[in-house]
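These notes concern the structure reproduced below.
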Amino acid sequence: MNEANSMLTSNSQDCWTQLISQTYFPLTLNYGNHEGRFQGSLKVWKAGGSDFSLSRLCSYQAEYSRCQSQIAQDDHASFLVTIPLRTHVFFSQHGRSLNCPPGHFIVEQGDAPYRFGYESPNDMWVFKIPSQSMKHRIRRPERYSQHCFSAEKGIGCAFVEFLMICSQRVSECSTDDQNRLFEQALSMLSMVLEQDDRVLSSDQSHLKTAHLMRIERYISANLGDPELTPSRIAEFCGISLRYLHKLFSGSGYTVREWVRVQRLEAAHRDLEASPAGINIGEIAYRWGFSDQAQFCRAFRQHFGYSASELRSLPPEASRL
1 MNEANSMLTS NSQDCWTQLI SQTYFPLTLN YGNHEGRFQG SLKVWKAGGS DFSLSRLCSY
61 QAEYSRCQSQ IAQDDHASFL VTIPLRTHVF FSQHGRSLNC PPGHFIVEQG DAPYRFGYES
121 PNDMWVFKIP SQSMKHRIRR PERYSQHCFS AEKGIGCAFV EFLMICSQRV SECSTDDQNR
181 LFEQALSMLS MVLEQDDRVL SSDQSHLKTA HLMRIERYIS ANLGDPELTP SRIAEFCGIS
241 LRYLHKLFSG SGYTVREWVR VQRLEAAHRD LEASPAGINI GEIAYRWGFS DQAQFCRAFR
301 QHFGYSASEL RSLPPEASRL
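Right under this line is the structure:
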């Protein structure tokens, strides 16, 4: 068992920076008033033969930041789970800023830039997890840096209490059992994270957006194909026909209506840009309409004027 316990005094900011970087990974520290007093203590429990560790960190005000150049020079990616005990901590990563109070915890992704700190003396637990172990247990763990998680009750509270048990018992264990303890803590963490409704909702929203973007790109690239049907779109995008219709249910259009509108808009642009000698039927066929009469009816219904009238309208009037 490798255990470190260090107490730093008012003139030891440089030593604290070094100790923090050695314990977690290279970080830049800002202490606010560089001439002011500083004191910090750090006790670390490590599992032999791995990068798992648990630490109890107490210090005066400090801000910690991780930049791309530090990440590039670091061969051992890790995640940090930070549980403040005395006062809130602020955390910013992936464009999202959090204010995490005691009774909650955050997940910091070590292989992406971030900023973290506290504006008054604080006390916290920090659970360091090797990135590979985190990714084996939790799908896309970087998603979880966007939220604070409660440790006040239920499995979240049990997770934090188990970390405290680890600190009390890990020194009594063999190297293998030390790693088993921390793996068990990671297993409990995964239960907290993966049942969080905010992340599940966000995940579903992102998946829906990704599907819609792919569908819209495919439709745009194939508007000229008269055989562009919902079945073909669903098949190309790897989703069921039922799910395709469900994705469009909140858009105000059916799939066929959306395809028709996109074709009409494309034809409108072509009619505006094409010389008068270009036949309207040619443009209709170019954009997937197999029947010119049907195209003309749909065009008038959608825009309020006919395709032939469009060519006689001044440009500024064609979209009124």
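Take the sequence shown: its position 213, counted from the start at 1, is 213 in full-length UniProt numbering, and no numbers get skipped.
Each residue gets a CB set at the ideal place from its N, CA and C atoms; glycine is no exception.
All of these numbers come straight from a predicted model, not from anything done at the bench.
Check	Outcome
Measure the C-alpha to C-alpha separation of Ala293 and Gly281 and round it to an integer number of angstroms.	9 Å
Along the alpha helix (DSSP H) that carries Tyr144, what are the first and last residues, could you check?	Tyr144 -> no alpha helix (DSSP H), and no H or E assigned at all.
Going by the DSSP bridge assignment, what does His88 pair with across the sheet?	Looking at the DSSP assignment, His88 forms no beta bridge with any residue, so it has no partner.
Alpha carbon to alpha carbon, how far is Gly154 from Thr28?	35 Å
Taking 8 Å as the threshold, find out whether the stretch 110 to 119 comes into contact with the stretch 148 to 168 through three or more Cβ pairs.	no
Apart from the five residues on each side of it in sequence, which residues of its chain come closer than 6 Å, Cβ to Cβ, to Val89?	Cys100 and Tyr118
Can you tell me the Cβ-Cβ gap for Trp125 and Leu186, rounded? I've got them flagged as a contact below 8 Å.	Contact flag wrong, Cβ pair sits at about 14 Å.
Quick one, which of His104, Phe299 and Met134 has its alpha-carbon nearest Ser190's?	Met134
Could you tell me the distance, in whole angstroms, from the CA atom of His104 to the CA atom of Asp14?	30 Å
State the DSSP-derived secondary structure class of Ser131, mapped to helix, strand or coil.	helix
Count the other CB atoms, across all protein chains shown, that sit within 10 Å of the CB of Gln178; report buried if there are 16 or more and exposed otherwise.	buried
Span of the alpha helix (DSSP H) holding Trp16?	Gln13 to Thr23
Would you call the stretch 235 to 245 in contact with the stretch 204 to 224, where contact means no fewer than 3 C-beta pairs closer than 8 Å?	yes
Just list the residues that DSSP pairs Asp75 with in beta bridges.	In DSSP, Asp75 forms no bridge with anything.
Relative to the alpha-carbon of Ile83, which residue among His76, Leu247, Glu265 and Phe162 has its alpha-carbon at the smallest distance?	Phe162
Might you give, ordered along the chain, the residues of its own chain that have their beta carbon closer than 8 Å to the beta carbon of Leu212, omitting 5 neighbours on each side?	Leu247
Can you list, in chain order, the residues of its chain whose CB lies under 6 Å from that of His147, leaving out five sequence neighbours each side?	Arg198
How far does the alpha helix (DSSP H) with Thr175 in it reach, from first residue to last?	Thr175 to Glu194
Could you check the C-alpha separation between Ser150 and Asp196 for me, to the nearest Å?	10 Å
Could you check which residue in Arg37, Gln39, Ser274 and Arg56 has the C-alpha nearest to that of Trp45?	Arg56
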